[in-house]
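Sequential numbering from 77 applies to the sequence shown in our numbering.
I have placed the structure first, in the form of structure tokens, so that the comments after it can refer back to it.
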Amino acid sequence: DEHAQDSFLLDRIYECLNALPEKEKDAFVAVVLKEEEPKDVAKRMKISRSYLSRLLKKSWKRIRDMLDELRDDLD
């Protein structure tokens with residue numbers, strides 16, 4: 077059923093987020109999910125905007141890789 081599939085996917089996404097290193101997770105949640113301004117997030121995290129950008133790039137790659145692995149397992 078569609079609700080069960082959605083629930084399953086949401087659970088996997090939360091697992092991916094929780095598997096991220098703490099700084100990557102904090103950056104991803106703030107910028108991507110909460111839609112905070114990157115400059116504000118970088119300031120709060122006491123990091124440069126370029127480092128924040130690298131953290132986001134790493135987190136996207138890790139999440140993509142984890143979801144690709146999940147897709148392969150389901151096929």
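Where is the CB? At the ideal position from N, CA and C, for every residue including glycine.
At a cut of 8 Å, does the region 120 to 131 reach the region 100 to 107 through at least three beta carbon pairs? Segments in contact, yes.
What do you get for residue 126, buried or exposed, if any count of 16 or more other CB atoms within 10 angstroms of its CB means buried? Counting Cβ neighbours within 10 Å, residue 126 comes out exposed, since fewer than 16 surround it.
Should the region 113 to 127 be regarded as contacting the region 83 to 94, the criterion being three or more beta carbon pairs within less than 8 Å? no
Neighbourhood of residue 107 by C-beta distance below 7 Å, restricted to the same chain and skipping five residues each side: 114, 117, 132
By the three-class DSSP mapping on this structure, what secondary structure does residue 135 have? helix
Residue 106, enclosing alpha helix (DSSP H) - first and last residue: Careful: residue 106 lies outside any alpha helix (DSSP H) and carries neither H nor E.
For residue 96, which three-state DSSP category applies? coil
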